[in-house]
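Residue numbers (this note's numbering): 17 to 317. Ideal Cβ placement from N, Cα and C applies to all residues, glycine included. Worksheet: the structure to be examined is printed underneath.
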């Protein structure tokens with residue numbers, strides 16, 4: 017059965033208003049009933065005490081993880097093999113793998129590309145595949161030596177469509193590299209999450225549960241807290257199960273493909289993060305229990 021984790025990103029609101037530190041949120045996640053905890057790199061780097069190195073801080077966080085007794089599912093970091101020097105990005109990401117190892121993470125997610133930088137000509141996704149794969153392969157081979165699986169997410173608008181990311185998975189074709197399937201992020205590329213998760217599910221090694229309220233691009237601007245999809249739809253993060261993303265349908269597609277790993281809530285809404293995570297966790301566990309009752313069918317993807 018799928019297990020439920022939470023991303024440190026979900027507590028960003030509480031970090032900003034002083035209710036929690038990153039270290040505090042590890043115990044808070046356990047108290048709320050989550051099975052696992054995901055660290056996001058900028059949550060780690062932005063909260064590092066000045067008198068500690070990053071490695072020392074990672075060890076301190078790991079000690080708290082061990083004390084609390086919660087599994088570290090993932091270390092999530094940014095990357096861009098398109099606009100940055102590939103060798104430099106590989107070297108930096110290998111350092112991130114070292115931090116993931118200290119934290120006790122079993123996986124590390126990194127981005128691959130965010131589209132052409134301002135002032136640079138457009139490049140198609142297909143034309144970039146060899147360059148992206150070159151960086152990805154070097155990082156995942158290093159991570160494999162440490163027992164850490166690497167993955168990329170449908171994220172960043174440019175590398176967000178299901179068929180684009182599927183091409184990347186098959187081009188890299190490495191057993192230590194897979195897909196972090198973010199069910200909500202497909203809406204940023206104006207895709208139907210139920211269809212796109214069905215495409216992504218056979219490659220899934222980790223999952224983000226994320227929900228958005230979606231307003232059409234040709235409708236009135238809803239104002240604050242909304243951002244726009246690639247084609248202009250208005251999106252606002254919200255509590256898992258209370259927006260327009262078909263979360264249960266996405267979970268069913270993952271289960272049909274045999275996925276039984278972690279599903280991590282990544283909350284980025286305007287609601288109070290504690291209440292949002294409590295409600296989202298209730299919904300997610302209920303959906304998982306309900307889809308477990310559906311007999312599995314052998315499906316040719």
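Is it true that the CB of residue j sits closer than 9 Å to the CB of residue i?
i: residue 273; j: residue 209; result: no
i: residue 212; j: residue 260; result: no
i: residue 170; j: residue 202; result: yes
i: residue 21; j: residue 52; result: yes
i: residue 168; j: residue 193; result: yes
i: residue 292; j: residue 255; result: yes
i: residue 200; j: residue 226; result: yes
i: residue 93; j: residue 77; result: no
i: residue 40; j: residue 91; result: no
i: residue 23; j: residue 289; result: no
Residue i by DSSP, collapsed to three states: which one?
i: residue 256; result: coil
i: residue 149; result: helix
i: residue 173; result: coil
i: residue 166; result: strand
i: residue 317; result: With a pLDDT of only 49 at residue 317, under the threshold of 50, the placement of this residue in the model should not be trusted, and no figure is reported.
i: residue 115; result: helix
i: residue 199; result: coil
Look at the alpha carbon of residue i and the alpha carbon of residue j, and state the distance between them as a whole number of angstroms.
i: residue 242; j: residue 130; result: 20 Å
i: residue 74; j: residue 113; result: 12 Å
i: residue 123; j: residue 62; result: 21 Å
i: residue 268; j: residue 68; result: 44 Å
i: residue 47; j: residue 28; result: 17 Å
i: residue 309; j: residue 270; result: 14 Å
i: residue 18; j: residue 301; result: 9 Å
i: residue 82; j: residue 238; result: 44 Å
i: residue 98; j: residue 286; result: 32 Å
I think residue i touches residue j, with their Cβ atoms under 8 Å apart; what is that distance to the nearest whole Å?
i: residue 198; j: residue 224; result: 4 Å
i: residue 55; j: residue 109; result: About 15 Å; that fails the 8 Å criterion.
i: residue 159; j: residue 195; result: Not a contact, Cβ separation roughly 15 Å.
i: residue 86; j: residue 42; result: 6 Å
Hey, which unbroken runs of the beta strand (DSSP E) at 3 residues or more fall wholly within the stretch 241–308? The qualifying runs are 250–254, 278–281.
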